[in-house]
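Working notes, structure below.
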């Protein structure tokens, strides 16, 4: 929106065109006074013209552009007349709810969304993002106005300056700036998860705040009620709640699929989804030549058990390299790790199969302690020795191929497992990512939320709650950007409000023990073979791709590249990083070079491909 002037149409068109891959089915531009509203549509629900956006309220004083899905939208229509609606989609439902109640209506939305609601009566534009930031929303001030879009590149296409922040290289090394409001780009900010911003049409004054915080889901009454239940009762309640969430996220008028690794999270989602969708297609990635990362066997067992069609993408060094540049360009920043490329490959397969929606398992590890190494110290203070022993043995089972080849590794594994049972190990330090800015505040909020529990338990629970932002900030960015790269919408049932509320109030030991993910495995065992329900966690798509790149890359692409000049990297620091960098870090550095050439130098994807790979 421009302050005191109509935004230039050519800039709005450039923003629309930069987002066309996200919404290839329809588009629209409306200029209302000094506000330009732009939308590109991926038609999933009510696919006809009645759901065209930007959408205008019949009263004429309210407009909406919206990205996402609100699954309980039919309930939002209660209190309105059926004749108020021209279609059966969720955009109309939330438009009427927002027009009636404004920001207060948002707390009643179940689903994922980023929206801009223009209210000409109150003379303000409301921007809002869902609870955990499944759907992205970026803002920038330039040209005398405030601009917003689903991707930073769209803002740059509309005229935002393309400049890296001073701390860009350091942030890339530790993988930060995927959460919070700050990005790698100077002047481009991210509206945070569960946040809102309001902009006055007259004068441009901006106010902002949070309408949701995860700590607000912790309830003393509910946790005391659940503490009185048996494990069997808790598992039954979790099963009912998760099944209901999965069924609600199937809402669509187009084919729906799911990502399936064969692990407990994705297998549960597919099991519950298959109950409602007989045409469900599951998509899996496999490295046939690498037993550690090969997941097709587990995925095939699950698909066969459930009678679900399975599409397997064989990930080879050549196929991964072929998708690397495009995945980096679409990610909005250097790739955090190799998995983003594989996600893009799976999205391309889904698009070719006519599927527009994929269910994914993000959130399960965060809610049920799947990243045990991150919480080892806090968990160790709560878990009994036999639980610590079981979880240590479980981690080793995930490394079975290596252990079978190396008797010394097997001996070290058994020694460490016995040691953990006696004395809990310290939490691992992840060099892949660092705690995003704001992390300590999240920890403080979480500790206050659990103050009704014993100190050791509260610290472990608060650690889980605060760390949700730590991993979800980049996992959800990967899911959105690299699925929408091929016009595929990802949906995350584990992050539905009712699932989160139940999980964060479950008794901690039930939630995380005896094996990792605790009671979630009990639920899985009730609908899946035990071999699936109790399968150790594998690395999956998160593998070291540094060697894959360097097997085929022209060394001069990096050695004589633009990254060091664009990001102003001191020569001494560059030398230390390249000398010490592991494969994950090398992947990120090569990706950063691609990102710099694309965003700051204006190189095309084809030009980068030609320069990167040996001809």
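Numbering (my numbering), first residue to last: 6 to 620. We treat Cβ as the ideally placed atom computed from N, Cα and C, and that holds for glycine. Computed from a predicted model, the values in this text were never measured in an experiment.
Residue nearest to residue 269 in terms of C-alpha spacing, selected from 82, 367, 63: Here residue 269 refers to the residue found at position 264 when the chain shown is read from its first residue. Residue 269 has its Cα closest to that of 367, out of 82, 367, 63.
Where the alpha helix (DSSP H) through residue 270 begins and ends: If you number the chain shown from 1, residue 270 lands on position 265. Start and end: 269-281.
Buried versus exposed, by CB contacts within 10 Å (16 or more), residue 453: Counted from its first residue, the chain shown places residue 453 at position 448. Classification of residue 453: exposed, given that the 10 Å Cβ count is below 16.
Residue 169 - DSSP class collapsed to helix/strand/coil: As a position in the chain shown, residue 169 is number 164, starting the count at 1. Of the three classes helix, strand and coil, the one that applies to residue 169 here is strand, per DSSP.
Beta bridge counterpart(s) of residue 146 as assigned by DSSP: The count along the chain shown starts at 1 and reaches residue 146 at position 141. According to DSSP, residue 146 bridges with 151.
Simplified DSSP state of residue 561, which is helix, strand or coil: What you label residue 561 is simply residue 556 of the chain shown in a count that begins at 1. Of the three classes helix, strand and coil, the one that applies to residue 561 here is helix, per DSSP.
Inside the segment 12-51 only - beta strand (DSSP E) runs reaching at least 3 residues: 31-37, 40-46
Inter-residue spacing [alpha-carbon to alpha-carbon] between residue 282 and residue 301: Residue numbering aside, residue 282 sits at position 277 when the chain shown is read from its first letter. Residue numbering aside, residue 301 sits at position 296 when the chain shown is read from its first letter. When rounded, the distance between both Cα atoms is 22 Å.
For residue 123: DSSP bridge partner residues: Locating residue 123 in the chain shown gives position 118, where the first residue counts as 1. Beta-bridge pairing links residue 123 to 68, 130.
Per DSSP, the bridge partner or partners of residue 318: Taking the first residue of the chain shown as position 1, residue 318 is located at position 313. Note: residue 318 sits in a beta bridge opposite 290.
Of the residues 507, 376, 346, 122, the one placed nearest residue 202, counting alpha carbons only: Along the chain shown, read from residue 1 onward, the residue named residue 202 stands at position 197. Out of 507, 376, 346, 122, 122 has the C-alpha closest to the C-alpha of residue 202.
Helix, strand or coil at residue 216 [DSSP, three-state]: Numbered from its first residue, the chain shown carries residue 216 at position 211. In this structure, residue 216 counts as coil in the three-state DSSP scheme.
Contact set for residue 601: own chain, Cβ-Cβ below 6 Å, skip 5 residues either direction: Along the chain shown, read from residue 1 onward, the residue named residue 601 stands at position 596. Counting only Cβ-Cβ distances below 6 Å, and skipping sequence neighbours, we find 567, 568, 571.
Span of the alpha helix (DSSP H) around residue 524: Mapped onto the chain shown, residue 524 falls at position 519. First-last of the alpha helix (DSSP H) with residue 524: 523-530.
Alpha helix (DSSP H) segment containing residue 2, residue limits: Past the edges of the chain, shown from 6 to 620, lies residue 2, and the structure says nothing about it.
At least three beta-carbon pairs within less than 8 Å, the segment 546-559 to the segment 516-527: no
Endpoints, the beta strand (DSSP E) within which residue 203 is located: Start at 1 with the first residue of the chain shown, and residue 203 comes out as number 198. Taken as a continuous stretch (DSSP letters only), the beta strand (DSSP E) holding residue 203 covers 200-205.
Proximity of residue 687 and residue 35 at Cβ, strictly below 7 Å: Nothing can be reported for residue 687: it is not among the residues displayed for the chain, which extend from 6 to 620.
Length of the line joining the Cα atoms of residue 250 and residue 68: Taking the chain shown and counting its residues from 1, one reaches residue 250 at position 245. Taking the chain shown and counting its residues from 1, one reaches residue 68 at position 63. Answer to the nearest angstrom: the Cα atoms are 30 Å apart.
Cut-off 7 Å between Cβ atoms - residues of its own chain near residue 126, not counting five sequence neighbours on either side: Counted from its first residue, the chain shown places residue 126 at position 121. Contacts found: 66.
Check whether residue 181 and residue 339 have beta carbons under 7 Å apart: Your numbering for residue 181 matches position 176 in the chain shown. Your numbering for residue 339 matches position 334 in the chain shown. No.
C-beta atoms of residue 451 and residue 465 nearer than 7 Å: Translated into positions along the chain shown, residue 451 becomes position 446. Translated into positions along the chain shown, residue 465 becomes position 460. The answer is no: Cβ separation not under 7 Å.
Unbroken beta strand (DSSP E) run spanning residue 495, endpoints: Here residue 495 is taken as the residue at index 490 of the chain shown, counted from 1. Looking at the DSSP string, the run of the beta strand (DSSP E) that includes residue 495 is 494-496.
Integer-rounded CB distance, given that residue 23 should sit under 8 Å from residue 159: To locate residue 159, count along the chain shown from 1; it is residue 154. To locate residue 23, count along the chain shown from 1; it is residue 18. Right, the Cβ-Cβ distance comes to about 4 Å (below 8 Å), so this counts as a contact.
Distance, residue 369 Cα to residue 375 Cα: Position 370 of the chain shown, counted from the start, is the residue given in the question as residue 375. Position 364 of the chain shown, counted from the start, is the residue given in the question as residue 369. One C-alpha to the other measures close to 7 Å.
Nearest to residue 114 (by Cα), restricted to the options 500, 349, 541, 231: Along the chain shown, read from residue 1 onward, the residue named residue 114 stands at position 109. It is 500 whose Cα lies nearest to the Cα of residue 114.
Alpha carbon of residue 381 to alpha carbon of residue 473, nearest angstrom: The sequence position of residue 381 within the chain shown is 376, counting from 1. The sequence position of residue 473 within the chain shown is 468, counting from 1. Straight-line Cα distance between these residues: approximately 16 Å.
Alpha carbon of residue 312 to alpha carbon of residue 304, nearest angstrom: What you label residue 312 is simply residue 307 of the chain shown in a count that begins at 1. What you label residue 304 is simply residue 299 of the chain shown in a count that begins at 1. So the alpha carbons of these two residues sit roughly 12 Å apart.
Among 573, 540, 590, the one whose alpha carbon lies nearest that of residue 549: As a working note, residue 549 is residue 544 in the chain shown. Out of 573, 540, 590, 590 has the C-alpha closest to the C-alpha of residue 549.
Residue 350, buried or exposed, once every other Cβ within 10 Å from all chains shown has been counted against 16: In the chain shown, residue 350 corresponds to position 345, counting from 1. It counts as buried.
Local conformation of residue 384 per DSSP, three classes: For the purposes of this step, residue 384 is identified with residue 379 of the chain shown, where counting begins at 1. Residue 384: helix per DSSP, three-state reduction.
Under 7 Å between C-beta atoms of residue 28 and residue 16: For the purposes of this step, residue 28 is taken as residue 23 along the chain shown, with counting starting at 1. For the purposes of this step, residue 16 is taken as residue 11 along the chain shown, with counting starting at 1. Not in contact: residue 28 and residue 16 (Cβ atoms no closer than 7 Å).
Alpha-carbon spacing of residue 507 relative to residue 396, whole angstroms: Counting from 1 along the chain shown, the entry for residue 507 is found at position 502. Counting from 1 along the chain shown, the entry for residue 396 is found at position 391. Going by the C-alpha atoms only, they are around 24 Å apart.
Contact between the segment 455-469 and the segment 311-327 (3+ Cβ pairs under 8 Å): no
Cβ pair count under 8 Å reaching 3, the segment 128-142 against the segment 84-102: no
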